[in-house]
Amino acid sequence: MNTVATMTSLIEMSEFIGKSIEQEIDRDNPDELTGKLMELCALQSNASHAYALAEQLYNVKLAELVQKPEHSKLSATDKKMLFAGLAREEIYYMTLNERYIRNLSHSIEAIRSALSWKKTELEQSKYQTT
33 MNTVATMTSL IEMSEFIGKS IEQEIDRDNP DELTGKLMEL CALQSNASHA YALAEQLYNV
93 KLAELVQKPE HSKLSATDKK MLFAGLAREE IYYMTLNERY IRNLSHSIEA IRSALSWKKT
153 ELEQSKYQTT
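FYI, the numbering for the sequence shown is 33 to 162, going by my numbering.
Written as structure tokens, this is what we have:
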């Protein structure tokens with residue numbers, strides 16, 4: 033496993049997901065809502081993949097650190113504290129992508145609700161007379 037290339041890929045993927053989440057949409061446009069819903073579902077899959085990559089990199093980093101002779105005499109608590117500092121970038125991307133996944137889940141549900149509301153409005157407008 034090329035950890036440098038994987039980390040670079042993870043960083044790029046995470047930045048793309050973050051920028052995509054930030055994009056504004058017109059909540060009154062059902063076509064735009066539908067398109068955004070499909071985009072968010074795809075992003076959620078990407079965020080799950082990025083989380084898995086970050087977790088894999090974290091586990092590789094821990095395995096490397098555990099094998100170092102200078103860490104063998106440390107207590108479990110000391111190792112935990114030291115390793116958390118040495119694997120901070122991997123932990124950051126795990127946490128970031130976990131939060132993206134949650135954000136995307138909430139956004140997907142909000143858009144589904146908005147689409148449902150638009151559908152109800154459309155149905156009701158069929159029966160209204162002016």
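Even glycine gets a Cβ: it sits at the ideal position worked out from N, Cα and C.
**Asn129 burial status per 10 Å Cβ neighbour count (16 or more: buried)** = Residue 129 sits at position 97 when you count from the first residue of the sequence shown. Asn129 is buried by the Cβ-count criterion.
**Request:** Taking Leu75 and Ser104 to be in contact with their CB atoms under 8 Å, please state how far apart those CB atoms are, rounded to whole angstroms.
**Result:** The residue labelled residue 75 in the question sits at position 43 within the sequence shown. The residue labelled residue 104 in the question sits at position 72 within the sequence shown. Their Cβ separation, rounded to whole angstroms, is 42 Å, which puts Leu75 and Ser104 out of contact at 8 Å.
**Prompt:** Using the C-alpha atoms, what's the distance from Ser137 back to Asn34?
**Reply:** Working through the sequence shown from its first residue, we reach residue 34 at position 2. Working through the sequence shown from its first residue, we reach residue 137 at position 105. Rounded to whole angstroms, the gap between the alpha carbons of Asn34 and Ser137 is 31 Å.
**Asked** In whole angstroms, what is the alpha-carbon distance linking Met39 and Arg59?
**Response** Along the sequence shown, one-based indexing puts residue 39 at 7. Along the sequence shown, one-based indexing puts residue 59 at 27. Going by the C-alpha atoms only, they are around 36 Å apart.
**Prompt:** Is it true that the CB of Tyr90 sits closer than 8 Å to the CB of Ala119?
**Reply:** Residue 119 sits at position 87 when you count from the first residue of the sequence shown. Residue 90 sits at position 58 when you count from the first residue of the sequence shown. Yes, the Cβ-Cβ distance between Ala119 and Tyr90 is below 8 Å.
**Prompt:** In chain order, what residues of the same chain have a beta carbon less than 6 Å from the beta carbon of Ile140, not counting five sequence neighbours either side?
**Reply:** Locating residue 140 in the sequence shown gives position 108, where the first residue counts as 1. Same-chain partners within the cutoff: Leu72.
**Request:** Classify Ser46 as buried or exposed, calling it buried when 16 or more other Cβ atoms lie within 10 Å of its own Cβ.
**Result:** As a first step, residue 46 is located in the sequence shown; it is residue number 14 there, counting from the start. Its Cβ being crowded by 16 or more others within 10 Å, Ser46 is buried.
**alpha helix (DSSP H) segment containing Arg59, residue limits** = Working through the sequence shown from its first residue, we reach residue 59 at position 27. Boundaries for Arg59: no alpha helix (DSSP H) harbours it, and the DSSP string shows neither H nor E there.
**Item:** Distance CB(Leu65)-CB(Tyr125) smaller than 8 Å
**Value:** Here residue 65 is taken as the residue at index 33 of the sequence shown, counted from 1. Here residue 125 is taken as the residue at index 93 of the sequence shown, counted from 1. No, they are not a contact pair.
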